[in-house]
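Have a look at the structure below, then the notes.
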Amino acid sequence: MCRIALHGLSRIGRLILRQLVFETADRRGDDDPGLEVVALNDVAAPDNLAYLMNHDSIHGGPPTRARASADELMWGSYTMTMLGISDRAELPWRDLEVDLVIDACDDADDRERASRHLEAGAERVIATNVVNDADVTICMGVNEARFDPARHRVISSAGSAASCLAVIADIVDEEFGIESGIVTAIQAYTSANALLDTPDELWRRGRSATLSIVPTTIELTEEMVRIIPDLRDRLDAVAMRVPVPCGSIIDLVVHTEQPTSARRVNDAFRSAARTERLSDILDVTEDPPVSTDIIGTSYSAVVDAESTVVVKTHTVKVLAWHDNEWAYASRIIDLARHVGQQASR
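Take 1 as the starting number for the sequence shown in UniProt numbering and just add one per residue.
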């Protein structure tokens, strides 16, 4: 059994915990050591956190209510130690025999900060934020074979947009070859965006995300290079924040080396989605979805087959949807399970 501690109970942290408590038993394989949540850490009041777990404005309430005391959280069949320590290095991971920390705090964006969990006694840490100098960046369904338990202790998970893009780009590149391409990440707003207009270093990012489509920056190109190094200098990316609270889409346009057609592109996705490796990660839908239809789906990428377009046999456009919260939490858990499985061998 891999003993898990969860640091940070914001949107993603709470959904990771909810899925660990209620959703993950059927995803275990025969050689899976299993994940046991032993501790949670957040400086917010435990009863307030339990309230937010019980009242999710996007994903609805859980099957059973969470209950909190000053030092414990009870949810489902779990009773977990509840901590409120701000300094990662002071957390009692050694005493609690924690194998793996999932750091879901927004400030876990460099190796030095994330590695404080190791100082506190954890064996490894997965950061849900982009960590440019992590030991390795892993996107489940694409490059998880790169994880080496002997060398990798600070692990960066691919972000929600990168998790979607990497899956579809990897298939297109393998089947048809990508010469060049441009990605538009059309993203739901998050708590990091402004509800009302406010000053910001990037002026447009300070505008109300609930009222406008906001062009913004994204580190997607850099993430993709860490996941699929062969795509270096072949893709670039822009992003748009749109006024929906959940449900995002990747718009990928590439020029391919091999001629193809919309039917062949969709067939490649369908074939990949039937493999054991991608059956829980990639889906292809024939129904014409909108963003609300994607909420609650756990696939990293849902290819919108009706929207696949090929122009003059070499210019390919693919739309792929994802729930940027629920699906991302699912991949973090899959990554934690993979890390625990490999480390136990």
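No residue lacks a Cβ here, since even glycine has one placed at the ideal position from N, Cα and C.
(1) Whole-angstrom Cβ separation of E119 and A89, contact assumed at under 8 Å?
(2) Sort out for me which residues DSSP pairs C246 with in a bridge.
(3) Which of the three DSSP states, helix, strand or coil, is assigned to H117?
(4) By Cβ distance, which residues of its chain are closer than 6 Å to Y328, with the 5 residues on each side in sequence left out?
(5) Following the continuous alpha helix (DSSP H) through R124, name the residue where it begins and the one where it ends.
(6) Does the stretch 238-253 come into contact with the stretch 322-339, if we say contact requires no fewer than three beta-carbon pairs (one atom in each stretch) closer than 8 Å?
(7) Give the single residue among P243, F176 and T221 whose Cα lies nearest to the Cα of L196.
(8) CA-CA distance, M1 and D99?
(9) Whether or not the stretch 2-22 and the stretch 96-115 are in contact is what I'm after, with contact meaning three or more pairs of Cβ atoms, one per stretch, closer than 8 Å; do they touch?
(10) On the CB-based measure, 16 or more other CB atoms within 10 Å of its CB, does S86 come out buried or exposed?
(11) How is R241 classed by DSSP in three states: helix, strand or coil?
(12) Compare the C-alpha of T221 against each of S115, R124 and V183 and name the closest.
(13) Specify the secondary structure class of D87 as computed by DSSP and reduced to three states.
(14) Could you pull out every unbroken beta strand (DSSP E) segment of at least 3 residues lying fully inside the stretch 254-330, listed in chain order?
(15) For Q187 and A209, I'd like the C-alpha separation in whole angstroms.
(16) Once you ignore the five residues that flank F22 on each side, which residues in its own chain have a CB closer than 7 Å to its CB?
(17) If V302 and V318 are in contact, beta carbons under 8 Å, what's the gap, nearest whole angstrom?
(18) Given a cut-off of 8 Å, decide if V254 and I178 are closer than it, judged by their beta-carbon atoms.
(19) What distance in whole Å lies between the Cβ atoms of F147 and V136, which are believed to be in contact at a cut-off of 8 Å?
(20) Residues in the same chain with beta-carbon distance under 8 Å from S191, minus the five sequence neighbours each way, listed in chain order, please.
(21) From the DSSP secondary-structure annotation, give me the bridge partner or partners of A68.
(22) Nearest CA to the CA of D42: which residue from D71, H59 and L35?
(23) With respect to the alpha helix (DSSP H) encompassing T221, which residues constitute its N-terminal and C-terminal limits?
(24) May I ask you to verify whether the stretch 271-282 touches the stretch 213-230, counting CB pairs closer than 8 Å and requiring at least 3?
So, to answer that:
(1) The residue given as residue 119 occupies position 119 in the sequence shown. The residue given as residue 89 occupies position 89 in the sequence shown. Contact holds; Cβ gap of about 5 Å.
(2) Translated into positions along the sequence shown, residue 246 becomes position 246. DSSP, once it has assigned bridges, lists no residue as partnering C246.
(3) Stepping through the sequence shown from its first residue, residue 117 is reached at position 117. It is helical.
(4) Along the sequence shown, one-based indexing puts residue 328 at 328. Counting only Cβ-Cβ distances below 6 Å, and skipping sequence neighbours, we find S160.
(5) Position 124 of the sequence shown holds residue 124. Taken as a continuous stretch (DSSP letters only), R124 belongs to no alpha helix (DSSP H), being part of the beta strand (DSSP E) at R124 to A127.
(6) yes
(7) Residue numbering aside, residue 196 sits at position 196 when the sequence shown is read from its first letter. Checked all of P243, F176 and T221; the closest Cα to L196 is P243.
(8) For this step, residue 1 is matched to residue 1 along the sequence shown. For this step, residue 99 is matched to residue 99 along the sequence shown. Using only the alpha carbons, I get a separation of about 9 Å.
(9) yes
(10) Position 86 of the sequence shown, counting from 1, holds the residue named residue 86. Counting Cβ neighbours within 10 Å, S86 comes out exposed, since fewer than 16 surround it.
(11) Residue numbering aside, residue 241 sits at position 241 when the sequence shown is read from its first letter. It is a strand residue.
(12) Numbered from its first residue, the sequence shown carries residue 221 at position 221. The shortest Cα separation from T221 among S115, R124 and V183 belongs to V183.
(13) As a position in the sequence shown, residue 87 is number 87, starting the count at 1. D87: coil per DSSP, three-state reduction.
(14) 282-285, 301-304, 309-311 and 315-322
(15) In the sequence shown, the residue the question calls residue 187 occupies position 187. In the sequence shown, the residue the question calls residue 209 occupies position 209. Roughly 11 Å separates the two Cα atoms.
(16) Taking the first residue of the sequence shown as position 1, residue 22 is located at position 22. Within the same chain, F22 has close Cβ partners P62, P63 and G76.
(17) Numbered from its first residue, the sequence shown carries residue 302 at position 302. Numbered from its first residue, the sequence shown carries residue 318 at position 318. That belief does not hold up - the Cβ atoms of V302 and V318 are roughly 11 Å apart, past 8 Å.
(18) Numbered from 1 along the sequence shown, position 178 holds the residue referred to as residue 178. Numbered from 1 along the sequence shown, position 254 holds the residue referred to as residue 254. Yes, the Cβ-Cβ distance between I178 and V254 is below 8 Å.
(19) Start at 1 with the first residue of the sequence shown, and residue 136 comes out as number 136. Start at 1 with the first residue of the sequence shown, and residue 147 comes out as number 147. So it is a contact: roughly 6 Å between Cβ atoms.
(20) Along the sequence shown, one-based indexing puts residue 191 at 191. Correct list, in chain order: S10 and R11.
(21) To locate residue 68, count along the sequence shown from 1; it is residue 68. Bridge partners of A68: L73.
(22) Mapped onto the sequence shown, residue 42 falls at position 42. D42 has its Cα closest to that of D71, out of D71, H59 and L35.
(23) On the sequence shown, position 221 is the one that residue 221 refers to. L220 to I227 is the extent of the alpha helix (DSSP H) around T221.
(24) no
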